[in-house]
Amino acid sequence: MKNKLAVAGVIILFLIVVAVSAAPLLTDHSPTKSNLLLIERPPSADHPLGNDSSGRDILSRLLYGGRISLIVGFSAMIFTLIIGVTLGSIAGYYGGKIDAIIMRFTDMMLMLPFLVLCLTIVALLEKVTIGIFVTIIALTAWPNLTRIIRGTFLSLREQEFVLGARAIGASDMRIILRHFIPNAIGPIVVNATLMMATYIIIESGLSFIGFGIPQPTPTWGNMISEAQSLRILRNSPGAWIPPGLLILLTVLCINFIGDGLRDALDPKSNKR
Numbered sequence: 718m719k720n721k722l723a724v725a726g727v728i729i730l731f732l733i734v735v736a737v738s739a740a741p742l743l744t745d746h747s748p749t750k751s752n753l754l755l756i757e758r759p760p761s762a763d764h765p766l767g768n769d770s771s772g773r774d775i776l777s778r779l780l781y782g783g784r785i786s787l788i789v790g791f792s793a794m795i796f797t798l799i800i801g802v803t804l805g806s807i808a809g810y811y812g813g814k815i816d817a818i819i820m821r822f823t824d825m826m827l828m829l830p831f832l833v834l835c836l837t838i839v840a841l842l843e844k845v846t847i848g849i850f851v852t853i854i855a856l857t858a859w860p861n862l863t864r865i866i867r868g869t870f871l872s873l874r875e876q877e878f879v880l881g882a883r884a885i886g887a888s889d890m891r892i893i894l895r896h897f898i899p900n901a902i903g904p905i906v907v908n909a910t911l912m913m914a915t916y917i918i919i920e921s922g923l924s925f926i927g928f929g930i931p932q933p934t935p936t937w938g939n940m941i942s943e944a945q946s947l948r949i950l951r952n953s954p955g956a957w958i959p960p961g962l963l964i965l966l967t968v969l970c971i972n973f974i975g976d977g978l979r980d981a982l983d984p985k986s987n988k989r
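Under my numbering, read the sequence shown as residues 718 to 989, first letter to last.
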């Protein structure tokens, strides 16, 4: 609560989530239905933000597209956490040959450029759905988190409370779940928030260049792709400025929340 930017981030992000969740209540227009009679129409009472180059209502696409962008960011973050925390926990807790095998595989994945790997996989697929897109991100983004969790577990492995738990016969699973994970929750939560912000940007960037969620499914990223046309860039700023601002605002809010959580969960930070 002492971090004002983090509090503001929570409030604004909450309002964005509420708005996109209540999309059916805020607009009656379909986000995918085209109307050739309304192509690039300016804002009006019935279409507050106007219509895009296909005659679709921009406000409707903005709200429904926000759903997709947030779902992609959140789902990819959850799946990455599952993979990264699982592999990092096993490597850091057991060490030895298991650690060596997992870390060599992790190093091999880190050698491959993340965005290039994503682009290659997406290009090889005929059709990209939301589930496939989330899976591609999660399967290529876990190595960094794995190394962070492994390092945290290695520092905890020789602590006295862990040795005490082993001495009384606690199982490996119990030690990991009751002692390791709670003590590593700070890095996990902070990295989770930063990953979600990163994945929203990745979805937007890939959709902008045509390798993300395909049209007519709306996302903030493929809405910005309208700006690839110089005519729309100059004459129809309402088609690309609102999604761009929402991406910027959402990512800033998530990063502010991550910074606030880092301060709150870091036992070494100075609390005033």
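No residue lacks a Cβ here, since even glycine has one placed at the ideal position from N, Cα and C. This one's a predicted model, so the numbers in the text were calculated from it and none came from an experiment.
Take Thr-967 and list the residues in its own chain whose beta-carbon comes closer than 7 Å to its own, dropping the five residues that flank it on each side. Leu-730, Ile-733 and Ile-917
On a Cα-Cα basis, can you pick out the residue from Ile-785, Arg-784, Phe-850 and Lys-750 that is closest to Asn-768? Lys-750
Which residue wins for smallest C-alpha separation from Ser-806, given the options Leu-787, Ile-893 and Leu-911? Ile-893
Looking at the secondary structure, which residues open and close the alpha helix (DSSP H) in which Leu-959 lies? With the sequence shown as reference, residue 959 is identified as Pro, and Leu is not the correct amino acid for it. Looking at the DSSP string, the run of the alpha helix (DSSP H) that includes Pro-959 is 958 to 982.
Using 8 Å as the threshold, is the region 891 to 907 in touch with the region 743 to 759, meaning 3 or more CB pairs across them? no
Would Asp-774 be called buried (16 or more neighbouring beta carbons within 10 Å of its own) or exposed? buried
Which residues bound the alpha helix (DSSP H) around Gly-813? 813 to 828
Classify Trp-889 as helix, strand or coil using the three-state DSSP reduction. Sequence inspection shows Asp at residue 889; the Trp mentioned does not correspond to that position. Note: Asp-889 maps to helix in three-state DSSP.
Other residues of its chain near Ala-981: CB distance less than 8 Å, five sequence neighbours each side excluded: Asn-720
Who are the Cβ neighbours of Arg-758 in its own chain at under 8 Å, not counting the five residues just before and after it? His-764, Gly-767, Asn-768 and Gly-772
Who are Asp-769's beta bridge partners in DSSP? Its beta-bridge partners do not exist; DSSP assigns none.
Which partner residues does Asp-774 have in the DSSP bridge list? Asn-768
So what's His-896 in DSSP terms, helix, strand or just coil? helix
Go to Ala-882, then tell me how far its alpha helix (DSSP H) extends in each direction, as first and last residue. 877 to 884
Exposed unless 16 or more other CB atoms sit within 10 angstroms - verdict on Asn-939: buried
Comparing the CB of Tyr-810 with every heavy atom of the ligand MG, is any distance shorter than 7 Å? Among the components modelled here there is no ligand, and therefore nothing to report on the ligand MG.
If you draw a straight line from the C-alpha of Ala-762 to the C-alpha of Leu-776, how long is it? 12 Å
Tell me which residues share the same chain as Ala-723 and place their Cβ nearer than 7 Å to its Cβ, disregarding the 5 neighbours each side in the sequence. Phe-973, Ile-974, Asp-976 and Gly-977
If Thr-857 and Phe-831 are in contact, beta carbons under 8 Å, what's the gap, nearest whole angstrom? 6 Å
Please return the same chain residues whose Cβ sits closer than 8 Å to the Cβ of Arg-989, not counting the five positions on each side in sequence. Note on Arg-989: pLDDT 44, under 50, position unreliable in the model; the coordinate value appears next. Result list for Arg-989: Lys-719, in chain order.
Between the CA atoms of Glu-920 and Leu-836 - distance to the nearest angstrom: 11 Å
Please state whether DSSP places Asn-720 in a helix, a strand or coil. coil
State the Cα-Cα distance for the pair Ala-808 and Leu-965, rounded to the nearest angstrom. 36 Å
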